[in-house]
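Engineer: I have a structure here, written as structure tokens, and I will follow up with some questions on it.
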Amino acid sequence: MRRRSILLRADDERDRWLHELGGKPTSCRCALAAYAAFCSEYHSLYSQFAVVVSGSTSVGHRLARVFLEELASQWLAALRSASPSGFAWALLAEAVAPHRTGSVRNLYQRLGATEAGALLLRYRIGCSVTVASRAMGMSPDAFELLRRRALMNAVHDWHMPASDAV
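The sequence shown finishes on residue 166 if you use our numbering, and the numbering steps up by one all the way, no holes.
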């Protein structure tokens with residue numbers, strides 16, 4: 001019975017979106033529905049990331065909200081990309097860059113954007129490999145390789161134990 005109620009809720013949500021988007025071409029409705037689903041899935045994580053990067057809860061939440069609103073104008077390009085979540089992640093990292101704390105700025109300067117992002121997702125936010133890899137638009141194996149490379153680079157560049165690098 002529980003599975004049936006979940007399916008009914010999903011059908012109700014789909015029907016609500018189709019009703020709200022009524023009169024628009026099917027491809028437009030699909031793109032808008034995909035955007036809404038994307039925002040629903042990633043809003044919380046993007047907020048957490050922006051909070052960690054900016055060092056401020058209010059600034060982080062505002063950055064994530066504004067970013068997702070602006071992503072709407074580029075959503076069709078995101079859908080045409082190899083990975084919409086990877087496309088959005090790169091834009092998010094760029095959008096929050098001016099608001100980085102000193103320590104986060106140092107991490108990005110020493111490691112680069114993808115490695116720094118991987119470490120922040122995994123160790124500062126506490127994302128699982130699966131969640132972090134999806135957010136960055138890559139496979140879990142690719143994320144794990146990126147994370148390990150970032151740790152090795154941090155240990156090498158800063159001459160510190162890996163446990164201190166995170």
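Using N, Cα and C, we set each Cβ at its ideal position, and we do this for glycine too.
Values in this document were obtained by computation on a predicted structure and should not be read as measured data.
#1: Rounded to a whole number of angstroms, what is the C-alpha to C-alpha distance between tyrosine 46 and valine 59?
#2: Can you tell me the Cβ-Cβ gap for tyrosine 123 and alanine 116, rounded? I've got them flagged as a contact below 8 angstroms.
#3: Give me, in chain order, the residues of the same chain whose beta-carbon lies closer than 8 angstroms to that of valine 104; leave out the 5 immediate sequence neighbours on both sides.
#4: So for arginine 124, helix, strand or coil by DSSP?
#5: Figure out for me which residue from Cys39, Asn106 and Ser83 has the closest Cα to the Cα of glutamate 69.
#6: Counting only the same chain and skipping the five closest in sequence on each side, list residues whose C-beta sits under 8 angstroms from that of glycine 86.
#7: Among residues of its own chain, excluding the 5 on either side of phenylalanine 143, which ones have a beta-carbon nearer than 7 angstroms to its beta-carbon?
#8: Does serine 58 come out as helix, strand or coil in the three-state DSSP assignment?
#9: Take alanine 113 as the anchor and find which of Ala97, Ile125, Gly126 and Cys30 has the nearest alpha-carbon.
#10: Should isoleucine 125 and glutamine 48 be called a contact, given that it needs their Cβ atoms to be closer than 8 angstroms?
#11: For methionine 167 and arginine 110, what's the separation of their Cα atoms in angstroms?
#12: Quick check: alanine 50 and alanine 72, are their CB atoms within less than 8 angstroms of each other?
#13: Going along the chain, which residues of its own chain have a beta-carbon closer than 6 angstroms to the beta-carbon of alanine 150, five neighbours each way excluded?
#14: Helix, strand or coil: which one does DSSP assign to serine 81?
#15: Need the endpoints of the alpha helix (DSSP H) that glycine 102 sits in, please.
#16: Specify the secondary structure class of methionine 138 as computed by DSSP and reduced to three states.
#17: Would you verify that the beta carbon of arginine 124 is, or is not, closer than 8 angstroms to some beta carbon of chain B?
#18: Beta carbon of leucine 79, beta carbon of alanine 31: below 8 angstroms?
Structural biologist: In brief:
#1: 12 angstroms
#2: Going by Cβ atoms, the distance from tyrosine 123 to alanine 116 rounds to 11 angstroms, so no, they are not a contact pair.
#3: Val52, Val53, Gly55, Ala116 and Leu120
#4: helix
#5: Cys39
#6: These residues qualify, in order along the chain: Met136, Gly137 and Met138.
#7: Exclusion of the five residues before and after phenylalanine 143 leaves Ala118, Val129, Ala132, Ser133 and Met136 as the residues of its chain whose Cβ lies within less than 7 angstroms of its Cβ.
#8: helix
#9: Residue Ala97 is the option with its Cα nearest to alanine 113.
#10: yes
#11: There is no way to answer for residue 167, as the model of the chain reaches only from 1 to 166.
#12: no
#13: Leu111, Glu115, Ala118 and Leu119
#14: coil
#15: 102-111
#16: Three-state DSSP puts methionine 138 in coil, outside helix and strand.
#17: In the structure shown, chain B does not exist; there is a single protein chain.
#18: Cβ distance < 8 angstroms, so leucine 79 and alanine 31 count as in contact.
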